[in-house]
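Numbered according to full-length UniProt numbering, the sequence shown spans residues 1 to 262.
We treat Cβ as the ideally placed atom computed from N, Cα and C, and that holds for glycine.
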Amino acid sequence: MQIAELDGLAVHYRDEGDPKGPPVVFANSLGTDLRLWDKVMPLLPQGLRYIRYDKRGHGLTEGTPQPYSMGTLVRDAEQLMDHLGVKEALFVGLSIGGMIGQGLAVKRMDLVRSLVISNSGMKIGVPSMWQDRIDAVNASGIESLADAVMERWFSKSFRATPELTAWRNMLVRQTADGYAGCSAAISGTDFYTPTSGLRLPVLGIAGTEDGSTPPDLVRETVDLVPGSKFALIRGAGHLPCVEKPEEYARILTDFIKETGHA
Ligand SMILES: O=C(O)CC1=CCC(=O)O1
Numbered sequence: 001m002q003i004a005e006l007d008g009l010a011v012h013y014r015d016e017g018d019p020k021g022p023p024v025v026f027a028n029s030l031g032t033d034l035r036l037w038d039k040v041m042p043l044l045p046q047g048l049r050y051i052r053y054d055k056r057g058h059g060l061t062e063g064t065p066q067p068y069s070m071g072t073l074v075r076d077a078e079q080l081m082d083h084l085g086v087k088e089a090l091f092v093g094l095s096i097g098g099m100i101g102q103g104l105a106v107k108r109m110d111l112v113r114s115l116v117i118s119n120s121g122m123k124i125g126v127p128s129m130w131q132d133r134i135d136a137v138n139a140s141g142i143e144s145l146a147d148a149v150m151e152r153w154f155s156k157s158f159r160a161t162p163e164l165t166a167w168r169n170m171l172v173r174q175t176a177d178g179y180a181g182c183s184a185a186i187s188g189t190d191f192y193t194p195t196s197g198l199r200l201p202v203l204g205i206a207g208t209e210d211g212s213t214p215p216d217l218v219r220e221t222v223d224l225v226p227g228s229k230f231a232l233i234r235g236a237g238h239l240p241c242v243e244k245p246e247e248y249a250r251i252l253t254d255f256i257k258e259t260g261h262a
């Protein structure tokens, strides 16, 4: 097991692939841990270094009391990369992970060479919606949200498979502080201006059935950066790396090659 002690916080991560290869760093969505990338990982090109981690209060990473700020979550990613000696990475962030990627790219140009904004946006939802979720989690636990979350995460056909139970379990086993803390961070984030100033290769990935960050939001976000690319995965919800791993890996691999990151 790989744990980094960052400012007193025990952060669980996985550092795989070629330790000397160009680095790729993955950041997960709200309510998921680093297993989010399990299906995609073996389909990606060899010769690169692949790092993924559990956000604060998620997976095996330690939690702290809610609320969190986006600045704190960006700092966690920054500290992990500094700890591992990683620079000029391709940063792949899904949902809140895509927000962390935008914030990190603005703050530390030396760390982020190129960016994938997957199923994410410069702003996600509205504060009242996030406050309702925070209140529900604190009053009744994540379980009380789980059915509605599954409808946003996955297409109808995927929800009919036995795998759904495993992903639902992943969601409900996160800590209330982690889930509500990260919800507060999303609620307080609007990256329209900072993301508009980014000048680096950017790829947006969206799923046609995404009930959280619809394709138009992803497209509008990546369109803020000149020269950005956009890929739409048909039949997938908010987590296309789970529903359509082959297509997701092919899109990432093409971007890796196009940007000369291999
Ligand atoms: O709506 C959801 O639960 C999915 C989601 C929104 C932001 C994020 O990271 O995940």
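Of the choices the options, whose alpha-carbon is the least far from that of residue i?
i      : options                        : result
Leu111 : Ile205, Asn119, Arg75          : Arg75
Ile142 : Ala10, Arg52, Thr175           : Thr175
Ile186 : Lys39, Thr61, Leu94            : Leu94
Val126 : Ser212, Met81, Ala136          : Ser212
Ile251 : Gly8, Asp15, Lys20, Met41      : Met41
Gly97  : Val222, Cys241, Asp18, Phe26   : Phe26
Ala206 : Thr195, Glu247, Leu200         : Glu247
Leu6   : Ser69, Gly31, Asp177, Arg56    : Arg56
Ser155 : Leu36, Arg234, Ile256          : Arg234
Tyr13  : Asp33, Pro22, Pro23            : Asp33
Ser228 : Gly204, Thr253, Asp216, Pro245 : Gly204
Ile134 : Ser144, Thr72, Ala180          : Ala180
Gly197 : Glu258, Lys107, Ser144, Pro215 : Lys107
Thr72  : Cys182, Val222, Val86, Pro22   : Cys182
Thr253 : Leu43, Pro23, Met109           : Leu43
How long is the line joining the alpha carbons of residue i and residue j, rounded to whole angstroms?
i      : j      : result
Ile100 : Ser120 : 10 Å
Arg173 : Phe91  : 26 Å
Pro65  : Trp167 : 24 Å
Glu16  : Arg52  : 9 Å
Arg49  : Asp18  : 5 Å
Ala77  : Ile117 : 15 Å
Val242 : Lys20  : 28 Å
Leu199 : Gly103 : Just to set this straight, residue 199 is Arg in the shown sequence, not Leu. Looking at the two C-alpha atoms, the distance is approximately 13 Å.
Ala184 : Ala136 : 13 Å
Arg159 : Glu151 : 8 Å
Ala236 : Met1   : 31 Å
Gly188 : Met70  : 7 Å
Leu80  : Ala4   : 7 Å
Ala146 : Ala231 : 28 Å
Phe255 : Leu171 : 29 Å
His238 : Trp153 : 4 Å
Ser140 : Trp130 : 15 Å
Lys39  : Leu224 : 30 Å
His261 : Leu217 : 27 Å
Gly31  : His58  : 7 Å
Leu36  : Thr208 : 19 Å
Ala67  : Ile124 : The question names Ala, but residue 67 in the sequence shown is Pro. C-alpha separation (whole angstroms): 17 Å.
Asn138 : Ser128 : 15 Å
Gly202 : Arg219 : In the sequence as presented, Gly is not what sits at residue 202; that position holds Val. If you take the alpha carbons of Val202 and Arg219, they lie about 11 Å apart.
Thr259 : Ala249 : 15 Å
Val86  : Pro215 : 31 Å
On the CB-based measure, 16 or more other CB atoms within 10 Å of its CB, does residue i come out buried or exposed?
i           : result
residue 272 : No answer is possible for residue 272: it lies beyond the span of the chain, which begins at 1 and ends at 262.
Ser29       : buried
Asp54       : buried
Pro162      : exposed
Tyr192      : exposed
Met122      : buried
Glu88       : exposed
residue 271 : Past the boundaries of the shown model lies residue 271; the chain is included only from 1 to 262, so the question cannot be answered.
Asp210      : buried
Pro240      : buried
Ser114      : buried
Glu83       : The sequence given here places His at residue 83; Glu does not occur at that position. Under this definition His83 is an exposed residue.
Gly47       : exposed
Pro226      : exposed
Thr61       : buried
Gly178      : buried
Thr165      : exposed
Lys244      : buried
Pull up the DSSP beta-bridge partners for residue i, would you.
i      : result
Asp15  : Ile51
Glu220 : Answer is none; Glu220 lacks a bridge partner.
Pro23  : Arg49
Ser114 : Leu90
Val202 : Leu115
Gln2   : Tyr13
Lys229 : Leu203
Report whether the distance from the Cβ of residue i to the nearest heavy atom of ligand 3 is below 7 Å.
i      : result
His238 : Inclusion of ligand 3 in the displayed structure is not the case, the ligand content consisting of ligand 1 alone.
Every unbroken alpha helix (DSSP H) inside the segment 121-170 [4 residues or more]: Listed in chain order, the complete alpha helix (DSSP H) runs (minimum 4 residues) inside the segment 121-170 are 127-140, 146-153, 156-159.
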